[in-house]
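Everything below concerns the one structure shown next.
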Amino acid sequence: MTEPTTLPAPEAPPGSGTAFEVDDELVRNVGVLVDEGQRGMVLNLVADLRPADLARIVAHLPLADARTLFDWIPSEQTADVLPELESALRGDLLDDLTSPEIAALLDQLETDDQADVLGDLAETDSAMADAVLPQLEDAADVRQLLTYGDETAGGLMSTEYVAVLETATVAEATEEVRRLAETLDDVYVVYTIDARGCFVGFVTLKRLLLAPSRTPLAKIAETDVVTVEADLDQEEVARIMERYDLIALPVVSANGHLLGRITIDDVVDVIREEAEEDLQRAVGITGDEEISSSIFAVSRGRLVWLLLGLGGAYISGLVIVGFEDALQVAPVLALFIPIVMAMAGNAGIQSSAIAVQGLASGDIWRSDLVRRIGKELGVALINGLVLSVALALIVVASGFGDDTSRLALTAGLALMVVIVLSTLVGATVPLALSRIGIDPALAMGPFITVSNDILGLTIFFAVATVLYL
Numbered sequence: 002m003t004e005p006t007t008l009p010a011p012e013a014p015p016g017s018g019t020a021f022e023v024d025d026e027l028v029r030n031v032g033v034l035v036d037e038g039q040r041g042m043v044l045n046l047v048a049d050l051r052p053a054d055l056a057r058i059v060a061h062l063p064l065a066d067a068r069t070l071f072d073w074i075p076s077e078q079t080a081d082v083l084p085e086l087e088s089a090l091r092g093d094l095l096d097d098l099t100s101p102e103i104a105a106l107l108d109q110l111e112t113d114d115q116a117d118v119l120g121d122l123a124e125t126d127s128a129m130a131d132a133v134l135p136q137l138e139d140a141a142d143v144r145q146l147l148t149y150g151d152e153t154a155g156g157l158m159s160t161e162y163v164a165v166l167e168t169a170t171v172a173e174a175t176e177e178v179r180r181l182a183e184t185l186d187d188v189y190v191v192y193t194i195d196a197r198g199c200f201v202g203f204v205t206l207k208r209l210l211l212a213p214s215r216t217p218l219a220k221i222a223e224t225d226v227v228t229v230e231a232d233l234d235q236e237e238v239a240r241i242m243e244r245y246d247l248i249a250l251p252v253v254s255a256n257g258h259l260l261g262r263i264t265i266d267d268v269v270d271v272i273r274e275e276a277e278e279d280l281q282r283a284v285g286i287t288g289d290e291e292i293s294s295s296i297f298a299v300s301r302g303r304l305v306w307l308l309l310g311l312g313g314a315y316i317s318g319l320v321i322v323g324f325e326d327a328l329q330v331a332p333v334l335a336l337f338i339p340i341v342m343a344m345a346g347n348a349g350i351q352s353s354a355i356a357v358q359g360l361a362s363g364d365i366w367r368s369d370l371v372r373r374i375g376k377e378l379g380v381a382l383i384n385g386l387v388l389s390v391a392l393a394l395i396v397v398a399s400g401f402g403d404d405t406s407r408l409a410l411t412a413g414l415a416l417m418v419v420i421v422l423s424t425l426v427g428a429t430v431p432l433a434l435s436r437i438g439i440d441p442a443l444a445m446g447p448f449i450t451v452s453n454d455i456l457g458l459t460i461f462f463a464v465a466t467v468l469y470l
């Protein structure tokens, strides 16, 4: 019989709120114990971990070990871990389960998480998703949530909330909170509705506890409330909750019926996802690349922009070939090719990054186009002047014979024009894309770099042809 491995328990960081620190050592220890079949030790090791931390361990284990650990942990832990996993890994772990087993896990989650998991499952195994859905206790609610877009308020919302008629008393509302306490993870407010089910307002728990029991809710309810409709984009939902410091946001239909609520934990996930998506698009990655994504999925997401970069680089080469005669007459001009390309790309990326950031946060509106371009033009003129003078001085200090002064003037003026135009391109392209409904993050990275390389080279050789040759 194989002797069980004795492993030291990692120390918990101060104020961590978990039993262990989740790091490489813990993952390695869990992997060793799983390989040796030490189920009891593994369960003891992960018993006090929060779902998000346990999900990190599962994500970093080899798939076979992850499946074993997923099978070993209690079902209530398994259910809580599911929403924390990336969709690809979640699908792999659910492959070994039957539809009743999956349904039993999902029934322990709120409806929004059920819909998320089931929606991902449908993408890889639609037959299994169709089999699981009717077995859910809240099948009707989950089915309705699945009709909304993944990146909309309807796709984010949960149908678990406390709602009572506005004519109800504080005592009746309190009893309703008690009745639903077992099925709701968090209760922030009690929503009030009219006889038709239309949203009226809300009462905070503090006000509910302090008001006399016979007080009608209509007298203490807040009615000036921010609501959103189910088809609103999730990015705008995040902006609204951030702008008004909301922890829960009611979702209503076009005719005012209360449909559900969006809580702050879901919006934090949206902010992270949107930031990751913008970053990926900025560096030329399309699709949703995750750590657990397959090699072919990652390749497909990156290849499009790499091909675009290849095409742009080829066009830049054609520009250089087009001015081959100029290079033969003055080979020294080749010295400035990498300088022009680097400065054009950097200037464009800087201005486009600020524009994309402003559009994403809502600080820059589409109507700000003229004012924004004017500001970027001022910045470009100042930066261009400083950089062109610096380059001219470097050329003079380096010394290029009798033509040093003319070469310095040519290089400096060309760089000035390149900086100004590249900055304007970087600032205007995101705003223009936003106007026509395209994600402005696409303007960053390869798109701006490639276009500004071509533009910069063309301008440089055109100026050099006129002034230097």
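Quick note on numbering: the sequence shown equals residues 2 to 470 in the numbering used here.
Here a beta-carbon is modelled for each residue, glycine too, at the ideal position from N, C-alpha and C.
It should be emphasised that the depicted structure is a prediction, and the values quoted were computed from it without experimental measurement.
Check	Outcome
Same chain, Cβ closer than 7 Å to T19, neighbours up to 5 away in sequence not counted	Note that T19 scores 42 on pLDDT, short of 50, meaning its location in the model is unreliable and no value can be drawn from it.
Close-in-space but distant-in-sequence residues of the same chain around A123 (CB under 7 Å, 5 per side omitted)	A130
Top-ranked residue by Cα proximity to D121, from L137, D139, L86	L86
Alpha-carbon to alpha-carbon, V371 and E243	27 Å
Closest by C-alpha distance to E482, when choosing among G302, T168, E161, F401	As shown, the chain starts at 2 and ends at 470. That puts residue 482 outside it, with no answer to give.
Residues near G363 by beta carbon distance below 6 Å, same chain, minus five either side	R240
First through last residue of the alpha helix (DSSP H) which encompasses A164	Unbroken run through A164 is the beta strand (DSSP E), 164-166; no alpha helix (DSSP H).
Y315, buried or exposed, once every other Cβ within 10 Å from all chains shown has been counted against 16	exposed
Run of the alpha helix (DSSP H) containing F401, from where it starts to where it stops	Premise fails: F401 is in no alpha helix (DSSP H) and is neither H nor E.
Classification of Q329 by the beta-carbon crowding that lies within 10 angstroms, buried from 16 upward	exposed
Nearest-angstrom Cα separation, counted from D234 out to A164	25 Å
Contact between the stretch 419-429 and the stretch 451-461 (3+ Cβ pairs under 8 Å)	yes
T69: first and last residue of the uninterrupted beta strand (DSSP E) it sits in	T69 -> not in any beta strand (DSSP E); alpha helix (DSSP H) instead, spanning 64-73.
Nearest to P447 (by Cα), restricted to the options T69, A465, L106, A343	A343
Beta carbon of A327 nearer than 8 Å to that of G457	no
Assigned secondary structure, I272 (DSSP; H/G/I helix, E/B strand, else coil)	helix
Status (buried if at least 16 other CB within 10 Å, exposed otherwise) for N256	exposed
Cβ contact check for the stretch 142-149 and the stretch 179-195: 3 or more pairs under 8 Å	no
Residues bridged to E223 (per DSSP)	F203
Cβ contact (3+ pairs, closer than 8 Å) linking the stretch 404-421 and the stretch 458-469	yes
Span of the beta strand (DSSP E) around I58	Here I58 belongs to no beta strand (DSSP E); instead the alpha helix (DSSP H) covers 52-61.
D113 and S159 closer than 8 Å at C-beta	yes
Same chain only: Cβ atoms within 6 Å of L408, ignoring 5 sequence neighbours per side	V396, F401
Neighbour-count burial assignment, E325, 16 or more Cβ in a 10 Å radius	exposed
Rounded C-alpha distance that separates G438 from A428	16 Å
Beta-carbon spacing of L247, S254 below 8 Å	no
Distance between V82 and R267 (C-alpha atoms, nearest Å)	Note that residue 267 is Asp in the sequence shown here, rather than Arg. Computed Cα separation, rounded: 15 Å.
Start-to-end residues for the beta strand (DSSP E) that takes in G156	Not the beta strand (DSSP E): G156 falls in the alpha helix (DSSP H), residues 154-157.
Three-pair Cβ contact test at 8 Å for the stretch 63-72 versus the stretch 91-107	yes
For V190, three-class secondary structure by DSSP	strand
Run of the alpha helix (DSSP H) containing A128, from where it starts to where it stops	127-133
Neighbour-count burial assignment, P84, 16 or more Cβ in a 10 Å radius	buried
Bounding residues of the alpha helix (DSSP H) (the contiguous stretch that carries V333)	V333 -> no alpha helix (DSSP H), and no H or E assigned at all.
Selection from T205, T153, L106, C199 that minimises the alpha carbon distance to V178	T205
Residue of R68, P217, F461 minimising C-alpha distance to R40	R68
Whole-angstrom C-beta distance between E275 and E236, which should lie under 8 Å	5 Å
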